[in-house]
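So in my numbering, spot 99 of the sequence shown is number 99, and the numbers just go up one at a time.
We put the CB at the ideal spot given by N, CA and C, even for glycine.
Predicted, not measured: the structure shown is a model, and the values here were computed from it.
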Amino acid sequence: MTDVVDAATRSRMMSGIRGKNTSPEITLRKALFARGFRYRIHAPGLPGKPDLVLPRYHAVILVHGCFWHGHDCRYFKVPQTRTGFWMGKINSNRARDQREYAALKALGWRVLVVWECAVRTAKKDDAFRLVDYVAEWLATDAADAEISEMGVKDLVVGSRVDVSTVPSFRP
Numbered sequence: 001m002t003d004v005v006d007a008a009t010r011s012r013m014m015s016g017i018r019g020k021n022t023s024p025e026i027t028l029r030k031a032l033f034a035r036g037f038r039y040r041i042h043a044p045g046l047p048g049k050p051d052l053v054l055p056r057y058h059a060v061i062l063v064h065g066c067f068w069h070g071h072d073c074r075y076f077k078v079p080q081t082r083t084g085f086w087m088g089k090i091n092s093n094r095a096r097d098q099r100e101y102a103a104l105k106a107l108g109w110r111v112l113v114v115w116e117c118a119v120r121t122a123k124k125d126d127a128f129r130l131v132d133y134v135a136e137w138l139a140t141d142a143a144d145a146e147i148s149e150m151g152v153k154d155l156v157v158g159s160r161v162d163v164s165t166v167p168s169f170r171p
């Protein structure tokens, strides 16, 4: 399948995608702030500069884009052009994520991953329901977790599937 735009336009479009202050991240930050949670953003002293750091709870929240981190949900599919490049890129992002989770754990931080699909679903329904999940997790000494459109589950470091095994088509 060929691209609908020329290479220069695609390059310009892709270079405009940033890793900080993304729409899902800002949506979650606003909802947390409205509920009274206070946090630091992109803490440079921690591995991976987590999106949100809540020192009071000794917890970090990472807001991951489903495409860039290869989440197994309806928002991710392997591109049909330059598949090898994209699989390598996404797999290296996943490997980096695992290293950062382990480093944060070694420093005693609890890690919560909030996936883009959870924020998108919450925007359609009720963003405060998502914040309820986050608040519940923060209030306990629960282990690391991840929130997606499918709900909340434990985050197990090193358990993610290689993106090359994910089908390239999602219904």
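Less than 8 Å between the beta carbons of residue 47 and residue 95, yes or no? No, the Cβ-Cβ distance between residue 47 and residue 95 is not below 8 Å.
In terms of residues, what are the limits of the beta strand (DSSP E) holding residue 52? In the DSSP annotation of this structure, the continuous segment of the beta strand (DSSP E) that includes residue 52 starts and ends at 52 to 54.
Mind checking whether residue 59 and residue 110 have CB atoms under 8 Å apart? Yes, they are a contact pair.
Helix, strand or coil: which one does DSSP assign to residue 171? The predicted position of residue 171 is uncertain, since its pLDDT is 25 and thus under 50; a value taken from the coordinates is nonetheless stated next. Secondary structure of residue 171 (DSSP, three-state): coil.
Would residue 79 and residue 62 be called neighbours here (beta carbons separated by less than 8 Å)? Contact: no.
Under 8 Å Cβ to Cβ from residue 143, same chain only, skipping five residues before and after it: list those, please. Excluding residues within five positions, the ones whose Cβ falls inside 8 Å are 110, 154 and 155.
Quick check on DSSP: helix, strand or coil for residue 132? Helix, per DSSP.
For residue 120, which of helix, strand or coil comes out of DSSP? Secondary structure at residue 120: helix, using DSSP grouped into helix, strand and coil.
Can you name the residues that DSSP bridges to residue 115? Beta-bridge partners of residue 115 (DSSP): 64.
Under DSSP, the alpha helix (DSSP H) around residue 151 begins and ends at which residues? Counting along the chain, residue 151 falls outside any alpha helix (DSSP H), though it belongs to the beta strand (DSSP E) covering 151 to 154.
Could you pull the start and end residues of the alpha helix (DSSP H) that residue 43 belongs to? Secondary structure note for residue 43: it is in no alpha helix (DSSP H), with a DSSP letter that is neither H nor E.
Residue 7 classed as buried or exposed, judged by whether at least 16 other C-beta atoms fall within 10 angstroms: The residue is exposed, with fewer than 16 neighbouring Cβ atoms inside 10 Å.
Kindly identify the DSSP beta-bridge partner or partners of residue 147. Answer by DSSP bridge pairing, in chain order: 114 and 152.
Quick check on the burial criterion: 16 or more other C-beta atoms within 10 angstroms. Buried or exposed for residue 146? The Cβ neighbour count for residue 146, taken over all protein chains shown within 10 Å, is at least 16; the residue is labelled buried.
Hey, which unbroken runs of the beta strand (DSSP E) at 3 residues or more fall wholly within the segment 73 to 106? Fully enclosed beta strand (DSSP E) runs of 3 or longer: not present.
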